[in-house]
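Student: Quick one: the structure is below, and I'll ask about it shortly.
Protein chains: 2
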Amino acid sequence: MGRVSDARQRLMDAVLKLIWTGSYGSTTIDSICDQAGVRKGSFYYFFKSKADVAVTALESDWQGRRAQLDELFSATVPPLERIRQFCEFAYRKQTALKRECGCVLGCPLYTLGSEICTQEQTLRAKIQEILGYYRKYVESAIRDAHAEHSIDAPDAAEKARMIQAYYEGLLTQARIQNDAEVLRELPRGIFAMLGLGQAEQLAA
Amino acid sequence: MGRVSDARQRLMDAVLKLIWTGSYGSTTIDSICDQAGVRKGSFYYFFKSKADVAVTALESDWQGRRAQLDELFSATVPPLERIRQFCEFAYRKQTALKRECGCVLGCPLYTLGSEICTQEQTLRAKIQEILGYYRKYVESAIRDAHAEHSIDAPDAAEKARMIQAYYEGLLTQARIQNDAEVLRELPRGIFAMLGLGQAEQLAA
DNA sequence: TATATTGTTGACTAATTAGTCTAGTATTGT
DNA sequence: ACAATACTAGACTAATTAGTCAACAATATA
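Chains A and B supply the protein sequences, listed in that same order. Counted from 1, the first sequence has number 34 at position 34 by my numbering; the numbering is strictly sequential. Counted from 1, the second sequence has number 1110 at position 110 by my numbering; the numbering is strictly sequential.
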């Protein structure tokens, strides 16, 4: 019973957009309200702080992406192909962003995590949690690739950490340079880390 | 002639420290002044804004590090050994930071660049410039390694970009997790990207 | 339809922030 | 010594910010 509204969702969308296109520090509660078309009183009706809305929005956003990632990393897809498609997906996404809003924005989790990690512990914990989920997809793909002898990678967890670091580093590079073309080398770099040379990459 | 003071330098030290231990957004001009023990009037005597002091400080800090990097990447050191020492250096530095101030702080250029790149163009340009210098050291080491047939890397520039992305990504990971041990895998990851397997890495 | 409940509004306070300005102090070269 | 210069102090304004509150509006359900 009672009134219904999507203001809560609009505030969550707004905070993620502002953080991503700008930064956590440059995102004020007033700017979140403006972006969402919601008054401040309503903001504090739903959330108790900027950190609160950010954590909630990250979690909600992550839940909304799971299905897509489950599909991308489906066990029915050959393991190395999963990774290739993921690279392709990242490239397309950043290219689209550049076209639509003029900026390559990189990975919001990494950008935000790096900005606030010494100051906002609950946010940091949520970001680490979600980054961990992403890593799991890669780790399992590597394990499968190793099992079918496409690569030699007995320690899938370590390889997954390496690949994530490279992936996130390159996305950040793309953001700083505002250039999505940087991401073209993503599959080559990843497959090099997996011990596949140029020739083997072409064969795959 | 006239009065002399090191307030300008203290302000530059302060802004870098605050940005590194916190973030650009959380660093206010008042906090810079407090940290430096300088009044606001003096701040505006030397600098015209936060972005101004940050750019100046980055440039000055970079100049102060050149000699050290020239030594680390000296042509008299075997090329792959240069890279190994650089990894070692990064690990030591972050470990020391963790011990001294409780936090793994990662790379200030990447953290800051990622935070402000959509908002502060002069800062972004300076950061990109300095990141480019770092990349040159790696690129030249790779070229030398290729020349002496330690590795097969005809495109040294691309390999250097890959390595930098991985390096910076891993440092950011270490910052977010507040754990320097993450950096232990740095040499392994880099040498994997250079096409050296486990066995060849041990041999080198 | 009554009403409990959910959500909205905007004015309000208090704190923080960037940036200015004037009057001053210390020091160096002459 | 004495000026010209380099730097400092700190009070001030105006804008922005986070956060509160009480009165109000819409609606689902009994």
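Note that the Cβ used here is the ideal one computed from N, Cα and C, for glycine as well.
Taking the alpha helix (DSSP H) that S1026(B) belongs to, which residues open and close that run?
Tutor: Element bounds for S1026(B): n/a, residue is neither H nor E.
Student: Where does A162(A) fall in DSSP's three states?
Tutor: The displayed chain sequence assigns Met, not Ala, to residue 162(A). M162(A): helix per DSSP, three-state reduction.
Student: Can you grab the Cα-Cα spacing for the pair T1206(B) / D70(A), in whole Å?
Tutor: This structure leaves residue 1206(B) out entirely; chain B is present only between 1001 and 1204.
Student: Quick test of the definition: if touching needs 3 or more C-beta pairs under 8 Å, does the segment 1139-1158 of chain B touch the segment 1075-1084 of chain B?
Tutor: yes
Student: For G237(A), is the classification buried or exposed, using 16 other Cβ atoms within 10 angstroms of its Cβ as the cut-off for buried?
Tutor: Here chain A comprises residues numbered 1 to 204, so residue 237(A) is not present and cannot be evaluated.
Student: State the Cα-Cα distance for the pair I1029(B) and S1060(B), rounded to the nearest angstrom.
Tutor: 19 Å
Student: Give the range of the alpha helix (DSSP H) segment to which H146(A) is assigned.
Tutor: 121-147
Student: For R1117(B), which residues in chain A fall below 8 Å Cβ to Cβ?
Tutor: With the sequence shown as reference, residue 1117(B) is identified as Cys, and Arg is not the correct amino acid for it. Simply R175, I176, N178.
Student: Taking just the CA atoms, how far does S1031(B) sit from I1047(B)?
Tutor: At residue 1047(B) the sequence reads Phe, which differs from the Ile that was named. Answer to the nearest angstrom: the Cα atoms are 15 Å apart.
Student: In three-state terms, what does DSSP make of T1056(B)?
Tutor: In this structure, T1056(B) counts as helix in the three-state DSSP scheme.
Student: Is it buried or exposed, R66(A), if we count other Cβ atoms within 10 angstroms and call 16 or more buried?
Tutor: If you draw a 10 Å sphere on the C-beta of R66(A), you find fewer than 16 other C-beta atoms in it, and that means exposed.
Student: Could you compute how far the alpha carbon of M193(A) sits from the alpha carbon of R1039(B)?
Tutor: 51 Å
Student: Would you please verify whether the beta carbon of A96(A) is less than 8 Å from any beta carbon of chain B?
Tutor: no
Student: Over the uninterrupted alpha helix (DSSP H) stretch that includes K93(A), give me the two end residues.
Tutor: 79-101
Student: On the three-state DSSP scale, how would you describe K1048(B)?
Tutor: Correct three-state label for K1048(B): coil.
Student: Considering only the alpha carbon of each residue, which of F89(A), Y166(A), C103(A), T118(A) lies closest to C1101(B)?
Tutor: T118(A)
Student: Contact criterion: CB-CB distance below 8 Å. Does Y1044(B) meet it with respect to chain A?
Tutor: Output row for Y1044(B): interface = no.
Student: What do you get for G1106(B), buried or exposed, if any count of 16 or more other CB atoms within 10 angstroms of its CB means buried?
Tutor: G1106(B) should be labelled buried.
Student: For the segment 1177-1201 of chain B, list the alpha helix (DSSP H) runs that are entirely contained and at least 4 residues long, ordered along the chain.
Tutor: Under the rule that a run must span 4 or more residues, the alpha helix (DSSP H) segments found entirely inside the segment 1177-1201 of chain B read 1186-1193.
Student: Use the C-beta contact count for P945(B): other C-beta atoms within 10 angstroms, 16 or more gives buried, fewer gives exposed.
Tutor: Nothing can be reported for residue 945(B), as the shown portion of chain B is limited to 1001 through 1204.
Student: In whole angstroms, what is the alpha-carbon distance linking A1014(B) and K1050(B)?
Tutor: 11 Å
Student: State yes or no: is the beta carbon of L1170(B) nearer than 8 Å to at least one beta carbon in chain A?
Tutor: yes
Student: Let me make sure I understand the geometry here. Which of T172(A), Q35(A), L186(A), A165(A) has the alpha-carbon closest to that of L1186(B)?
Tutor: A165(A)
Student: Output needed for S1042(B): all residues of its chain with C-beta closer than 7 Å, excluding positions within five of it in sequence on either side, in chain order.
Tutor: Excluding its 5 nearest sequence neighbours in each direction, S1042(B) has C-beta neighbours in its own chain below 7 Å: A1007, listed in chain order.
Student: Whose CA, out of A1141(B), V1182(B), K1093(B), E1129(B), lies closest to the CA of A157(A)?
Tutor: It is V1182(B) whose Cα lies nearest to the Cα of A157(A).
Student: Please list the partners that C103(A) has in chain B, where partner means a Cβ-to-Cβ separation under 7 Å.
Tutor: T1118
Student: Shorter than 8 Å from the beta carbon of A1192(B) to some beta carbon of chain A?
Tutor: Against chain A, the CB of A1192(B) has a partner CB under 8 Å away; the residue lies at that interface.
Student: To the nearest angstrom, how far is it from the Cα of I163(A) to the Cα of P108(A)?
Tutor: 18 Å
Student: For Y1024(B) and chain A, any beta-carbon pair shorter than 8 Å?
Tutor: yes
Student: Along chain A, which residues have their Cβ under 7 Å away from the Cβ of M1001(B)?
Tutor: Near M1001(B) there are no residues of chain A at all, since even the closest Cβ is about 41 Å away, more than 7 Å.
Student: Using a Cβ-Cβ distance cut-off of 8 Å, determine whether T111(A) contacts chain B.
Tutor: yes
Student: How far does the alpha helix (DSSP H) with P108(A) in it extend, from its first residue to its last?
Tutor: 108-116
Student: If the cut is a Cβ gap below 7 Å, which residues of chain A does E1139(B) touch?
Tutor: Under the 7 Å cutoff, chain A gives no residues; its nearest Cβ is about 14 Å from E1139(B).
Student: Compare the C-beta of S150(A) against all C-beta atoms of chain B and say whether one is closer than 8 Å.
Tutor: no
Student: If you check the beta carbons only, do Y1110(B) and T1027(B) fall under 8 Å apart?
Tutor: Taking C-beta atoms as the reference points, Y1110(B) and T1027(B) fail to come closer than 8 Å.
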